[in-house]
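Using this note's numbering, you'd call the opening residue of the sequence shown number 1159 and step up by one each time. The C-beta atom is built at its ideal place from N, Cα and C for all residues, glycine as well.
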Amino acid sequence: MLTKNWLIWKWLSGLTSSLALVGVMGGICGRTLAQVTADPSLDTTVTANGTTFTIQDGTTVGGTSLFHSFSIFNVPNGGTANFLNPLTITNIFARVTGGSLSDIQGRIQSQGSTNLFLMNPNGIVFGQNAHLNIGGSFVGTTANAILFPGGGEFSKTSLVAPQNSLLAVSPSALLFNQVSPASITNQSTSNQFRVPNGRSLVLVGGDVIVSGNVNSNTTTGLDAPGGRIELGGLAGSGSVGLTISGKTFSLSFPSGSLLSNVTLDDNARVNVRSVGGGDIIVNANTFTATNGGRLVAGVAQEGNENGGNITINANQVNISGDRLTTGPTSGLYNATLADITNNTGGNSGDITITTGSISVTNGGQIETSTFGRGNAGTVTITARDTVSIDGAGTALSRDGAGRPTPSSGIFSRVREDAVGNGGSVNITAGSLSVTNGGHLETSTSGKGNAGTITITARDAVSFDGISQTGVGSNKLSDKFSSGAFSRVDQNDDGTVGVGKAGSISITTGKLSVSNGAVLTTSSFGKEGAGSIVINASNTVSFIGESPEFRVAEKGPTFLSSGAYSRILKDGAGQGGNISISTAKSLFVKNGAVISTSSAGQGGNAGNIQLSAQNIVFDGIGNGKRPQDRQSSGVFSTLKDPASGQGGSIKITTGSLDLFNGAVAIASTRGQGTQGSIEVRATDSVTLSGASFGKDGNGQSSGLFTPTEVDAVGSGGTIFVETPIFRVKDGAIVSARTLNNSDGGSITITANTFEAINGGQVLTQTQSGGNAGNITLNISDSITLSGSDPTYADRQPLYINRSDNELIDQVFVPNQGPVSGLFASTSFDSEGNGGNVHLRTANLNITNGARISSESLGFGRAGDITIRANGNLIANNGSIVTASDRSTGGAINIFAKSVRLFGDSDITTNVLQGTGGGGNITITAPKSILAFNDSDILSFARDGQGGNINTPNTPAFFGQNYRPAPVGTNPRTLDGNNRVDVNASGKVSGIITIPDTTFIQNSLTQLPQNLIDPNTLIANSCIVRGREHGQNDTFLVTGSGGLPVRPGDPPPASFATREVRSLPEAQTNQSWKLGDPIVEPQGIYRLASGQLVMSRECAP
């Protein structure tokens, strides 16, 4: 029944805002009047007793829905708004129709398990002491109406009749018809703004702001343990769907609607953690969590069910941990705390964020973890534009001790003593930026595997820099670096996690890792490390080291940018692989590193596979001491005391360039066989230079497979296949062994090979192992030339390297300054020198370059075999085998021709011992020509000199060649400016060479200006006849017979007759070798118009 009071209220509420009779004239504008006042629109009665307001009656529809209407709804501090509802009521709907917001500083309570809806379109504020004492769910909204299925509506002015069946059902939507809906603010710090376990707490604005007390560690905010908290709203007109399923209330926002903002600030906590279940959902234009504001879900310590999820849908997400006092940092947390003694513990839930862009800064965190029994959840972020994680911050740690704040980042962790697997971190975005120590991390310190990290970024991924704190522990250096980490950690008490580190996968357009940032999978445990897989459509770059900072007990430290897969000391299991593939270029520069390693017991180091159109390794880091300057490069290392196999390095590219001390190293210091290096380049491979100068470390650029002292495994091989191979300016290719196992071999297949200006290919043994072989299969030409002018100055930088702590660094000295191929053994070593095999068309050895197989120890020198389809040319170049105490290696040369100029030597030599000098065999079907001080020598002081044989080979050994007497010391034959062939020893070797008289004394010094063969003519002349039979002649000479330049008139025609033969006595014979060369003296035109170059006939 419509009462008079209702009609008056209806009229007053419809007045224009200029009258403002409700809220201004009554003196209740804003938050100035603390009271609850019913309006006459419904049968609501309010009884005030001090600050307690008892709310009764109202309008009941369908026996389960109760409707109340208030003109003012303000609850003072310490006060109570008590809804006395029948226990049969399911939902209480309360509207505020006056013109002021609702200020709740005290308690709201209801009876039984009734749900409560509070609607005030003018806004709602929950003060610091606000709390809920209700048995059901709570919905606070600034909507203009609550909608019901079938067209029912509960708004400011709508009628409510008991017989209106449309209002007897659960509501279906919240309607906003304002241009700018009012906000909801919750400032409660009472720890009592909560709904019972399993129930829902929903705030729908306008903007929704939840703030706490930044100066207090008291837990504040919203609580719905095991239930559901939804925060969100609209920034304009529209409707928000509402679904009630049992105890769960859920919202649905229409696609394309203009959303409002949701903010958590000043230590505010929104919490659903319980024994199980519990979801948090945020729908906003911008979601901000700052100064300790956080969302918390998961499983409590006594829990035995799975935790719920945290879901955020927002155009922009900002998480900033910039608190100025101690306490939890801002963020999203979903963890299981279930007691590990509880065999039925549950898993934590997931965190899912769908956004345009997200920023995590100043220690803000997103984390799923397990502290007890159960698995951690997955973090999934889908961003249309950017994901930015910045570790910079100035806040103190939670204990106030001045320690740095936790890194900003995204984490999924298995904590110490926990039992369960870590969750994954999945990011899909336009671009990802992680800077200043920001982290993406999956880790385990308990019993379980770490999760994976998967990044898919349409445009670019960037990791840059380190944290700005500059202090820290002596544990893993990546505590400071920006990056992505999947780890099995070591705890402070020395215990380690039991499980496997996860993998890191990045798919993007462009990847940049710089200034100390890293990608790392590592393990202290027994199950191994994960893999790193990178796929980029553009470029991938690892650049530089971090700025200098100090670590306790270590002093100045630099962190190298890079990608690492590690089995750490005391760990075990298989090391993870690193695979990098890009359609364009891969750059590793200025001390950056790509590395797999194992220092654990058992298990292998991971393999490295690089694929790119172009790959460039360049330069070193910026340490203050030479031994602190990290070479850029790719490393696979088996460390002491590891017993597994070393990983291999495989590079597939168009071109590979290593410059200025950059390296590719597969090495072993442990007990297993080391890995190999394989390079396949469709264009070229260039190894150039060394790190030299005041900021250098002396390191030569190059490819290396060394085995170190005390290692047990054999060395790895080096294989290169490319059209063009260059090693120059002090760069080297080296397979060296320092232990009793054999060194690896080197095989290079190319069209052209150059080792110039100190470029070297070398195998070496310094202990009981044999040096590896060197094999070059070169289809066109091999060029060895020159020496490295920086060698003498760089050599001291190799000394005193025992304190080197660089990432898998191996310093390998060159074999002297000259270019060449060297297979050798060092002083007092027992292994044999390696063999050298060359197959090519042409071989050029010039400017001091060498091909050498030498033994300075007790082993035998290796053999040198050269097969050249074309020419072998040496100009001040040498081919040498030598042994200090054993047998000299053999030299076998098969070439079309052999040319030796300057001081070019082919020698085998045994300095002491009874071993024989190696044999020298030269087969050159065209010829051997030797000039100047070139020598062919085989010498054994205490044994038999090697044999020298040149079968079926024409030879010339210089003007007036004569063999040296038998027994001549070969050292006296060098520098005498003549060619010598000698096989001296305690027992002289046999020299078999062909007769050289066919060419001796038959050579003539050629003139400086050689005659152009195009000027040669037949030995005939031209005669011009007269009309009257006279035998006069006409001769055209010089350039007058032709135009001087194009466009000049042609020479005049001359009447000529037939060309006549000379008398028999003057008939010219065909020119033959030995005849003088007759040049033309002029140009003659014949009757036919033909021009003939000839000479004047003798009169």
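Per-residue burial, residue i [other beta carbons within 10 Å of its own, 16 or more giving buried]
i: Pro1864; result: buried
i: Gln2188; result: Note that Gln2188 has pLDDT 49, beneath the 50 cutoff, so the model's placement of it is unreliable and no number is given.
i: Phe1985; result: exposed
i: Asn2134; result: exposed
i: Ile1367; result: buried
i: Ile2148; result: exposed
i: Asn1273; result: buried
i: Ala1331; result: buried
i: Tyr1401; result: Residue identity check: residue 1401 is Thr in the sequence provided, not Tyr. Classification of Thr1401: exposed, given that the 10 Å Cβ count is below 16.
i: Gly1270; result: exposed
i: Asp2132; result: exposed
i: Glu1912; result: buried
i: Pro1244; result: exposed
i: Ala1472; result: buried
i: Arg2129; result: exposed
i: Arg2243; result: buried
i: Arg1787; result: buried
i: Ala2265; result: Here the chain has residues from 1159 to 2257 only, and residue 2265 is not among them.
i: Arg1143; result: An answer regarding residue 1143 cannot be provided, because it is not within the stretch 1159 to 2257 covered by the chain.
i: Leu1896; result: buried
i: Thr1923; result: buried
Beta-carbon proximity check, residue i vs residue j, cutoff 8 Å
i: Gly1479; j: Ile1509; result: no
i: Val1837; j: Ile1882; result: no
i: Asn1915; j: Lys1886; result: yes
i: Gly2075; j: Gly2143; result: yes
i: Gln1336; j: Ser1369; result: no
i: Gly1580; j: Ala1618; result: no
i: Ser1625; j: Asn1594; result: yes
i: Thr1602; j: Val1646; result: yes
i: Gly1456; j: Gln1523; result: no
i: Ala1458; j: Leu1495; result: yes
i: Gly1812; j: Thr1844; result: no
i: Ala1303; j: Val1362; result: no
i: Phe1980; j: Leu1920; result: yes
i: Ile1701; j: Lys1747; result: yes
Contacting residues, own chain, Cβ-Cβ under 8 Å from residue i (five flanking each side not counted)
i: Thr1222; result: Thr1246, Ile1247, Thr1248, Asn1249, Ala1326
i: Asn1322; result: Val1219, Gly1310
i: Gly1660; result: Gly1580, Ser1582, Thr1600, Asn1607, Ala1608, Gly1609, Thr1610, Ile1611, Ser1644, Thr1679, Gly1688
i: Gly1860; result: Leu1816, Val1821, Ala1822, Leu1845, Val1885, Ala1889, Ile1890, Val1891, Ser1892, Val1970
Integer-rounded CB distance, given that residue j should sit under 8 Å from residue i
i: Val1577; j: Leu1598; result: At roughly 24 Å, the Cβ-Cβ gap does not stay under 8 Å, so Val1577 and Leu1598 are not in contact.
i: Ile2003; j: Leu1942; result: 5 Å
i: Ser2011; j: Asn1993; result: 7 Å
i: Glu1460; j: Tyr1491; result: Not quite, the Cβ-Cβ distance comes to about 18 Å (not below 8 Å), so this is no contact.
i: Ala2032; j: Gly1991; result: Contact doesn't hold; Cβ gap of about 21 Å is too wide.
i: Thr1205; j: Thr1195; result: That pair is no contact at about 12 Å.
i: Gly1733; j: Gly1764; result: 4 Å
Close-in-space but distant-in-sequence residues of the same chain around residue i (CB under 7 Å, 5 per side omitted)
i: Lys2084; result: Lys2054, Ser2055
i: Arg2136; result: Asp2091, Gly2116
Own chain, CB closer than 6 Å to residue i, minus 5 neighbours either side, in chain order
i: Glu2185; result: Per-residue confidence for Glu2185 stands at a pLDDT of 48, beneath the threshold of 50, marking its modelled position as unreliable; no derived number is given.
i: Phe1284; result: Ile1262, Asn1344, Ser1346
i: His1995; result: Thr1933, Thr2023
i: Ser1695; result: Gly1667, Ala1741
i: Val1372; result: Asp1424, Asn1425, Asn1449
i: Asn1429; result: Asp1381, Val1454
Residue-level contact to chain B via CB, residue i, 8 Å cutoff
i: Gly1749; result: The question asks about chain B, but that chain is absent: this structure has only one protein chain.
Next on the checklist: Just to confirm the assignment: which complete beta strand (DSSP E) runs, minimum length 3, are found wholly within the segment 1416-1500?
Outcome noted: Counting only runs of 3 or more, we get 1420-1423, 1426-1429, 1437-1448, 1452-1457, 1468-1478, 1489-1494.
Item to check | Unbroken stretches of the beta strand (DSSP E), 3 residues or longer, contained in the segment 1563-1634 | outcome: Counting only runs of 3 or more, we get 1567-1572, 1583-1593, 1597-1602, 1611-1622.
Next on the checklist: Going residue by residue through the segment 1729-1811, where are the continuous beta strand (DSSP E) segments of at least 3 residues, counting only ones entirely within it?
Outcome noted: Listed in chain order, the complete beta strand (DSSP E) runs (minimum 3 residues) inside the segment 1729-1811 are 1736-1740, 1743-1747, 1751-1756, 1766-1776, 1791-1796.
Checklist entry - Quick one: complete beta strand (DSSP E) runs, 3+ long, within the segment 1263-1303? => result Here the runs fully enclosed are 1265-1267, 1273-1277, 1282-1284, 1289-1291, 1296-1299.
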